[in-house]
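Participant: Take a look at the following structure, please.
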Amino acid sequence: MTITSQGEELILDKERALYLPKHQLLAISDLHLGKSAHFRQAGLQVPATIGLSDLQRLSLLIEKYDPKVLLINGDMFHHGLNTDIEIFERWRMQYHHIKFLLVKGNHDKLTVADYEAMHIEIHEPSFCLGPFCFIHDAPQNTKEELYPISGHVHPGVSIVGKAKQRLKFPCFYFGKKHAILPAFSLFTGLYNVYPKADERIFAVTPKNVVEV
Amino acid sequence: MDQSKTPGYKKIKQWLKANGRKPFQFQEDAWQHYIAGYSGLVNAPTGFGKTFSLFLAVVIEGLNESLEKNAKNKDRLQLIWITPLRSLAKDIARAMRETLLEIGLDWHVGVRNGDTSQAEKLQQKKSMPEILLITPESLHLLLAQKGATTIFKKLKCIVADEWHELLGSKRGVLVELAVSRIKGIQAAAKNESLRVWGISATIGNIEEALEVLVPDERVKRIIVKADLEKKIRIKSILPDEDETLPWAGHLGLKLAYKLLPIIKKSKTTLIFINTRGQSEIWYQHLLNIEPDLAGQIAIHHGSVDFELRNWIEDALHTGQLKAVIATSSLDLGVDFKPVDTVVQVGSPKGVARFLQRAGRSGHSPHEISKIYFLPTHALELVEAAAIKEAARNNNIESREPFIMVFDTLIQYLVTLAIGDGFDDKIIYEEIKNTYAFKLILPEEWSWVMQFITSGGDSLSAYNEFKKVVKDEDGLWKVKSRQLAMRHRLHIGTIVSDAMLKVKFISGGYIGMIEEYFVSRLKAGDHFRLAGRVLEFIRVKDMTVVVRNSKQKNAISPSWNGGRLPLSSNLGAVLRRKYNEALDQTHQDEELDAIYPLFLLQEQRSHVPRNDELLVELINNKEGFHLFAYPFEGRLVHEVLAALVAYRLSKLLPISFSIAMNDYGFELLSETEIPMDESIAYEVFSPKNLTEDIKSSINATEMARRKFRDIACISGLVFQGYPGKYVANKHLQSSAGLFFNVFSDYDKHNLLLRQAYDEVFYQQLEEPRLAAALERIQNGAIVITEPKSFTPLSFPIKVDSLRENMSSEELEQRIARMKAESEKIK
Numbered sequence: 001m002t003i004t005s006q007g008e009e010l011i012l013d014k015e016r017a018l019y020l021p022k023h024q025l026l027a028i029s030d031l032h033l034g035k036s037a038h039f040r041q042a043g044l045q046v047p048a049t050i051g052l053s054d055l056q057r058l059s060l061l062i063e064k065y066d067p068k069v070l071l072i073n074g075d076m077f078h079h080g081l082n083t084d085i086e087i088f089e090r091w092r093m094q095y096h097h098i099k100f101l102l103v104k105g106n107h108d109k110l111t112v113a114d115y116e117a118m119h120i121e122i123h124e125p126s127f128c129l130g131p132f133c134f135i136h137d138a139p140q141n142t143k144e145e146l147y148p149i150s151g152h153v154h155p156g157v158s159i160v161g162k163a164k165q166r167l168k169f170p171c172f173y174f175g176k177k178h179a180i181l182p183a184f185s186l187f188t189g190l191y192n193v194y195p196k197a198d199e200r201i202f203a204v205t206p207k208n209v210v211e212v
Numbered sequence: 001m002d003q004s005k006t007p008g009y010k011k012i013k014q015w016l017k018a019n020g021r022k023p024f025q026f027q028e029d030a031w032q033h034y035i036a037g038y039s040g041l042v043n044a045p046t047g048f049g050k051t052f053s054l055f056l057a058v059v060i061e062g063l064n065e066s067l068e069k070n071a072k073n074k075d076r077l078q079l080i081w082i083t084p085l086r087s088l089a090k091d092i093a094r095a096m097r098e099t100l101l102e103i104g105l106d107w108h109v110g111v112r113n114g115d116t117s118q119a120e121k122l123q124q125k126k127s128m129p130e131i132l133l134i135t136p137e138s139l140h141l142l143l144a145q146k147g148a149t150t151i152f153k154k155l156k157c158i159v160a161d162e163w164h165e166l167l168g169s170k171r172g173v174l175v176e177l178a179v180s181r182i183k184g185i186q187a188a189a190k191n192e193s194l195r196v197w198g199i200s201a202t203i204g205n206i207e208e209a210l211e212v213l214v215p216d217e218r219v220k221r222i223i224v225k226a227d228l229e230k231k232i233r234i235k236s237i238l239p240d241e242d243e244t245l246p247w248a249g250h251l252g253l254k255l256a257y258k259l260l261p262i263i264k265k266s267k268t269t270l271i272f273i274n275t276r277g278q279s280e281i282w283y284q285h286l287l288n289i290e291p292d293l294a295g296q297i298a299i300h301h302g303s304v305d306f307e308l309r310n311w312i313e314d315a316l317h318t319g320q321l322k323a324v325i326a327t328s329s330l331d332l333g334v335d336f337k338p339v340d341t342v343v344q345v346g347s348p349k350g351v352a353r354f355l356q357r358a359g360r361s362g363h364s365p366h367e368i369s370k371i372y373f374l375p376t377h378a379l380e381l382v383e384a385a386a387i388k389e390a391a392r393n394n395n396i397e398s399r400e401p402f403i404m405v406f407d408t409l410i411q412y413l414v415t416l417a418i419g420d421g422f423d424d425k426i427i428y429e430e431i432k433n434t435y436a437f438k439l440i441l442p443e444e445w446s447w448v449m450q451f452i453t454s455g456g457d458s459l460s461a462y463n464e465f466k467k468v469v470k471d472e473d474g475l476w477k478v479k480s481r482q483l484a485m486r487h488r489l490h491i492g493t494i495v496s497d498a499m500l501k502v503k504f505i506s507g508g509y510i511g512m513i514e515e516y517f518v519s520r521l522k523a524g525d526h527f528r529l530a531g532r533v534l535e536f537i538r539v540k541d542m543t544v545v546v547r548n549s550k551q552k553n554a555i556s557p558s559w560n561g562g563r564l565p566l567s568s569n570l571g572a573v574l575r576r577k578y579n580e581a582l583d584q585t586h587q588d589e590e591l592d593a594i595y596p597l598f599l600l601q602e603q604r605s606h607v608p609r610n611d612e613l614l615v616e617l618i619n620n621k622e623g624f625h626l627f628a629y630p631f632e633g634r635l636v637h638e639v640l641a642a643l644v645a646y647r648l649s650k651l652l653p654i655s656f657s658i659a660m661n662d663y664g665f666e667l668l669s670e671t672e673i674p675m676d677e678s679i680a681y682e683v684f685s686p687k688n689l690t691e692d693i694k695s696s697i698n699a700t701e702m703a704r705r706k707f708r709d710i711a712c713i714s715g716l717v718f719q720g721y722p723g724k725y726v727a728n729k730h731l732q733s734s735a736g737l738f739f740n741v742f743s744d745y746d747k748h749n750l751l752l753r754q755a756y757d758e759v760f761y762q763q764l765e766e767p768r769l770a771a772a773l774e775r776i777q778n779g780a781i782v783i784t785e786p787k788s789f790t791p792l793s794f795p796i797k798v799d800s801l802r803e804n805m806s807s808e809e810l811e812q813r814i815a816r817m818k819a820e821s822e823k824i825k
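What follows is the structure, given as structure tokens:
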């Protein structure tokens with residue numbers, strides 16, 4: 001689905017990603033790489049293949065949009081270094097022509113050298129581009145001219161219908177003052193957002209993105 | 001050999017005689033059989049000394065041995081007494097200690113459960129008492145200790161008290177597993193003398209109850225049944241002629257004033273209320289309508305602080321209280337002599353539970369138990385009549401034991417691994433001999449082992465999963481102290497929401513409330529707990545800090561207790577009572593009281609006969625409602641509703657919201673529901689049943705809901721303990737997430753399968769469903785179209801717990817819902 005925000009064209013992809021054609025930039029948030037391995041290290045039986053499937057989805061997106069830049073809007077890595085990260089390092093090598101930018105989130109705690117080794121450019125606290133400013137957690141009261149796009153909360157929306165029906169989806173949120181991206185990783189929960197007037201919510205369904 | 005010639009036996013008889021008592025026949029039988037090496041089950045009504053039938057048996061043996069050999073045993077533990085409730089242990093321990101003192105046997109009685117202090121546990125570790133009273137959870141915690149295998153060497157007997165209560169839950173499986181391990185430990189030491197006994201109230205499947213506890217056919221087994229009958233008088237509290245009861249609801253305050261004279265003329269009254277939240281409201285209400293009761297009544301439930309509960313129990317013993325409002329926390333065995341009257345508010349949903357609660361009054365042998373039933377809404381009067389009849393005919397439910405619960409098995413294996421470790425070959429043999437896992441396949445066992453040792457994944461080259469690992473001595477162990485600590489904190493199978501302790505700002509604990517409830521409170525808000533109105537100040541260190549408030553009005557926390565489904569025994573009686581009520585061919589005063597309501601039902605719609613299924617179609621601004629009334633109990637209705645919804649949704653794309661209660665179910669849709677007589681016979685057909693049920697379970701959230709408990713018990717999701725543990729944020733997840741992940745990436749996960757099996761086998765009772773559908777096919781289906789809600793439909797309509805099913809395309813459904821919500825705006 002294509003929308004216009006701050007005078008620029010944005011593509012909202014059902015794989016929980018945002019594409020900025022003008023800048024050939026693909027943006028995702030809350031990738032949480034290494035979460036499954038981290039859980040497994042702690043004795044929780046998360047299927048090991050789940051981290052892999054997030055990377056496969058990302059590969060498909062890269063093929064689809066052929067971006068110059070991949071921006072991760074925080075929480076790229078869930079915890080420390082682990083086997084999932086080793087897999088990522090090898091996966092990363094296929095895409096040496098793409099620049100990886102990371103806007104640091106609360107989970108991103110690797111050392112500078114670690115990021116360098118994986119060819120990831122770090123931006124802290126934000127990365128600004130055109131009218132947008134990517135930042136992991138939305139600033140409380142922004143005086144900036146730019147429109148912040150954040151992640152962090154893993155937004156979800158409930159649609160309530162007649163006859164006591166209710167559906168829940170991850171979503172993109174575009175408010176007056178800022179926007180929030182859905183969490184890219186499938187191994188994440190949802191936090192409900194409630195739209196007010198003048199705010200746009202785009203639900204991510206298995207087949208496409210629809211405005212609600 | 002005749003045991004009555006042994007010195008111990010003689011001594012007990014002398015002691016009883018000196019106290020002017022004579023043992024009941026069943027007690028002597030139990031002593032004889034125990035000493036002759038039998039395992040078994042004692043089945044006797046409450047108040048006849050069930051405890052003494054087994055406790056004294058072990059004492060007799062102890063006396064014989066100490067008189068014969070005068071030897072001092074280093075391994076002191078003789079008897080493990082498993083109780084389902086913490087409150088039971090204290091009273092039983094007191095009775096045992098008094099008896100031992102009088103007999104002059106130098107044995108210690110220890111209590112071990114969640115309320116036991118750390119110092120006492122440490123003392124026990126140094127030197128076990130001869131008799132240990134313990135909950136199933138604490139017994140597993142004992143197995144999780146280093147050196148656990150050495151404690152049980154000389155153990156003579158394990159008693160599972162109130163076994164009927166444990167049997168129908170996963171806690172029963174905990175007992176089975178612990179028994180299998182202790183037997184295994186003794187077998188390794190060439191000791192085969194352990195006897196396992198249960199004490200059970202009467203249930204429908206008493207033979208099976210024994211089979212579950214003592215599955216080994218080579219062991220001598222017997223059921224010792226007391227030939228005694230407890231007299232029970234049941235009385236319903238009826239509205240006066242000019243009063244009407246509400247159609248729905250579960251509070252019943254309207255008739256509360258009728259309790260006052262009952263409380264007044266009784267010594268002490270126990271008032272049983274089905275949920276903790278409602279009990280708080282009742283407590284306040286009774287004080288409001290009769291302020292003189294202040295200081296004479298108390299409230300007792302599982303979320304009230306331990307000290308306070310202790311105080312209430314002591315006050316009950318000494319007769320200081322006129323009345324205590326209680327939930328199931330006071331259901332079992334405790335013997336409060338002053339209690340002479342019991343009141344049940346709202347339907348107890350089963351005959352066994354009702355009789356059990358009645359037995360709380362007139363506890364001494366040959367006294368009559370008195371119980372009053374106070375209906376909370378009109379239709380419960382019919383239930384009262386049905387329960388009275390079922391009780392009269394001794395038509396008591398079975399408790400179905402759980403089998404193949406992999407979540408509990410996984411928890412158990414990790415428990416062993418944090419203790420002394422385990423040998424998988426030995427444990428496999430042990431669990432294969434339990435009732436719960438006798439059907440386990442070798443490949444299922446390997447899956448379970450793989451799940452705890454390699455995280456359920458053998459293919460991955462990178463295996464960072466190290467929960468249970470093989471030690472140098474060849475035993476499987478948990479090496480990480482952190483993992484061990486986390487596991488210890490969540491041993492058990494009772495899953496509840498995270499609870500926080502509530503404390504006065506000036507000090508002193510009041511009880512616990514759910515974290516979810518706290519999260520909605522703001523500073524200055526008022527809520528009720530343990531009969532007090534409290535002002536919320538803040539949450540600090542996992543503790544809710546409050547101060548006393550003079551305010552009268554406050555919200556009551558809604559503790560998410562499970563809903564009790566109507567038992568199948570009652571369902572059948574209930575259907576008949578409906579006929580009798582309308583025909584007035586009965587002797588029940590309850591049915592007279594409800595007659596006007598039946599006339600209204602008949603006038604607006606129809607009262608279904610025994611061989612009829614009533615379907616009501618009601619159309620109003622909420623949408624199109626379909627109500628059907630098979631009277632099969634909530635659990636069966638949940639599955640039946642999903643089945644009918646599924647079959648209807650095959651006819652055309654449609655979405656339903658589903659609700660149900662014990663009488664029937666509702667399908668609610670925003671588009672017209674296709675229904676006529678031929679469709680009705682079609683959707684209520686037993687044809688193709690198994691397959692359609694499977695599809696309908698898949699299409700709803702039933703299995704996902706079952707998975708919540710499974711994820712907690714198996715250790716995938718950590719609940720946290722009040723004030724004891726702050727969960728690691730980066731390890732937080734939810735059962736729902738795991739359910740999705742397993743469904744997508746690990747279809748053969750046995751825990752996932754267990755969730756579906758639990759719906760299919762425990763909830764569904766396929767034979768019962770097939771019989772119901774057969775009955776419907778052979779009878780008449782009556783379809784009516786009432787203009788407004790009927791007395792039967794209204795209680796279902798207001799039920800908030802709902803299920804969804806849809807055969808519409810998701811995108812279309814969203815578009816339609818959006819369009820509708822805009823219309824509503």
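Protein chains in written order, with the working numbering: chain A, 1 to 212; chain B, 1 to 825.
Glycine is no exception: its CB is placed at the ideal position from the N, C-alpha and C atoms.
What is the rounded straight-line gap between the Cα of MET76 (chain A) and the Cα of ILE122 (chain A)?
Facilitator: Distance between the alpha carbons of MET76 (chain A) and ILE122 (chain A): 11 angstroms.
Participant: Threshold first: 4 residues or longer. Then list the alpha helix (DSSP H) segments lying entirely within the stretch 482–522 of chain B, N to C.
Facilitator: Counting only runs of 4 or more, we get 515–518.
Participant: Quick one: list the residues of chain B neighbouring VAL210 (chain A), beta-carbon separation under 8 angstroms, in chain order.
Facilitator: Result: GLU811, ILE814, ALA815.
Participant: Once DSSP output is grouped into helix, strand and coil, what is the label at GLY110 (chain B)?
Facilitator: It is a strand residue.
Participant: Given 8 angstroms as the limit, is there contact between the stretch 42–62 of chain B and the stretch 194–205 of chain B, that is, 3 or more CB pairs closer than that?
Facilitator: As far as the Cβ criterion goes, the stretch 42–62 of chain B touches the stretch 194–205 of chain B, which means the pair count is three or higher.
Participant: Should ASN619 (chain B) be flagged as near chain A, meaning a C-beta pair shorter than 9 angstroms?
Facilitator: Chain A contact via Cβ: absent.
Participant: Hey, is GLY419 (chain B)'s beta-carbon within less than 9 angstroms of any beta-carbon in chain A?
Facilitator: No, GLY419 (chain B) lies away from the interface with chain A (no Cβ there is under 9 angstroms from its Cβ).
Participant: What did DSSP end up calling GLU280 (chain B) once you bin it into helix, strand or coil?
Facilitator: Note: GLU280 (chain B) maps to helix in three-state DSSP.
Participant: Could you give the first and the last residue of the continuous beta strand (DSSP E) run that contains GLY51 (chain A)?
Facilitator: Looking at the DSSP string, GLY51 (chain A) is not in any beta strand (DSSP E); the run it does join, the alpha helix (DSSP H), is 49–65.
Participant: Please classify ALA71 (chain B) as buried or exposed, where buried requires at least 16 neighbouring CB atoms within 10 angstroms.
Facilitator: Residue placement at ALA71 (chain B) cannot be trusted, given a pLDDT of 46 that sits under 50; what the coordinates show is reported in the next sentence. By the neighbour-count rule (16 or more Cβ atoms within 10 Å), ALA71 (chain B) is not buried but exposed.
Participant: Does the beta carbon of GLU464 (chain B) sit closer than 9 angstroms to a beta carbon anywhere in chain A?
Facilitator: True, the Cβ-Cβ gap to chain A drops below 9 angstroms.
Participant: Does the stretch 346–363 of chain B come into contact with the stretch 312–320 of chain B, if we say contact requires no fewer than three beta-carbon pairs (one atom in each stretch) closer than 8 angstroms?
Facilitator: Result no; under three Cβ-Cβ pairs closer than 8 angstroms.
Participant: How close, in whole Å, do the beta carbons of GLY8 (chain B) and ASN64 (chain B) come, if the pair is a contact with beta carbons under 8 angstroms?
Facilitator: About 4 angstroms separates the two Cβ atoms, so the contact holds.
Participant: My understanding is that SER150 (chain A) touches ASN73 (chain A), with C-beta atoms under 8 angstroms, so please give their C-beta distance in whole angstroms.
Facilitator: With a Cβ gap of about 7 angstroms, SER150 (chain A) and ASN73 (chain A) count as contacting.
Participant: Which residues, taken in chain order from the stretch 178–189 of chain A, show a beta carbon closer than 9 angstroms to some beta carbon of chain B?
Facilitator: Those would be LEU186, PHE187, THR188, GLY189, in chain order.
Participant: Where are the beta strand (DSSP E) runs, 3 residues long or more, that stay fully inside the stretch 87–161 of chain A, in chain order?
Facilitator: List check, beta strand (DSSP E) in window: 99–103, 120–123, 126–129, 132–135, 147–150, 155–161.
Participant: Whose Cβ in chain B lies nearer than 7 angstroms to the Cβ of GLN56 (chain A)?
Facilitator: Under the 7 angstroms cutoff, chain B gives no residues; its nearest Cβ is about 12 angstroms from GLN56 (chain A).
Participant: Please classify GLU307 (chain B) as buried or exposed, where buried requires at least 16 neighbouring CB atoms within 10 angstroms.
Facilitator: Burial call: exposed.
Participant: With DSSP as the reference, identify every bridge partner of GLY40 (chain B), one or two as the case may be.
Facilitator: DSSP, once it has assigned bridges, lists B:TRP197, B:ILE222 as partnering GLY40 (chain B).
Participant: So, is THR690 (chain B) buried or exposed, given that buried needs 16 or more other C-beta atoms within 10 angstroms?
Facilitator: Counting Cβ neighbours within 10 Å, THR690 (chain B) comes out exposed, since fewer than 16 surround it.
Participant: Does the separation of the CB atoms of LEU77 (chain B) and LYS146 (chain B) fall below 9 angstroms?
Facilitator: Not in contact: LEU77 (chain B) and LYS146 (chain B) (Cβ atoms no closer than 9 angstroms).
Participant: CA-CA distance, LEU141 (chain B) and PHE739 (chain B)?
Facilitator: In a straight line, the C-alpha of LEU141 (chain B) is about 28 angstroms away from that of PHE739 (chain B).
Participant: Examine chain B for any beta-carbon lying closer than 9 angstroms to the beta-carbon of PHE39 (chain A), and answer yes or no.
Facilitator: With 9 angstroms as the cut-off, PHE39 (chain A) counts as an interface residue toward chain B.
Participant: Between which residues of its own chain and VAL405 (chain B) is the CB-CB distance below 7 angstroms, once the five residues before and five after are set aside?
Facilitator: Hits under 7 angstroms: LYS170, VAL173, ALA436, GLN754.
Participant: In angstroms, rounded to a whole number, what distance separates the CA positions of MET660 (chain B) and ARG802 (chain B)?
Facilitator: Cα to Cα, MET660 (chain B) sits roughly 8 angstroms from ARG802 (chain B).
Participant: Using a Cβ-Cβ distance cut-off of 9 angstroms, determine whether ASP746 (chain B) contacts chain A.
Facilitator: It does; some Cβ of chain A falls within 9 angstroms.
Participant: Could you spell out where the beta strand (DSSP E) holding PHE665 (chain B) opens and where it closes?
Facilitator: 665–669 is the span of the beta strand (DSSP E), which, as asked, contains PHE665 (chain B).
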